[in-house]
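Enquirer:
In my numbering, the protein residues as written are 10 to 130.
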């Protein structure tokens, strides 16, 4: 199991790298702690996916871009101190996505879950 504080700090660095254009969102997502049990870390995965999906909107709407980037900065600053995200943010993203976008470990149980998810019976 990973260290929650270390995972939060790592994720904050990944978010800052995206904002500073040192890294793409895809690269940041590839480097996320996959075995984290921390809701803040898992929520940030979804936050970055959402950020990436809104790239076209940010190009057209400067206010939206500023608000979204300010939110990412605040998120990264919170995690950089080892602190959790506020419960309302975690709840909002958990409710929005419903489940993780990746499986934590490649176990036979997780592979079975993945197969069952993609099969219509």
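Each residue gets a CB set at the ideal place from its N, CA and C atoms; glycine is no exception.
Quick one: what does DSSP say residue 51 is sitting in, helix, strand or coil?
Expert: In the three-state scheme derived from DSSP, where H, G and I count as helix and E and B as strand, residue 51 is classed as helix.
Enquirer: Once DSSP output is grouped into helix, strand and coil, what is the label at residue 12?
Expert: coil
Enquirer: How many Å lie between residue 54 and residue 41 at the Cα?
Expert: 7 angstroms
Enquirer: For residue 23, is the classification buried or exposed, using 16 other Cβ atoms within 10 angstroms of its Cβ as the cut-off for buried?
Expert: buried
Enquirer: Within its chain, find whatever has a CB closer than 8 angstroms to the CB of residue 52; leave out the 5 residues flanking it on each side and keep chain order.
Expert: 94, 98, 99, 102 and 103
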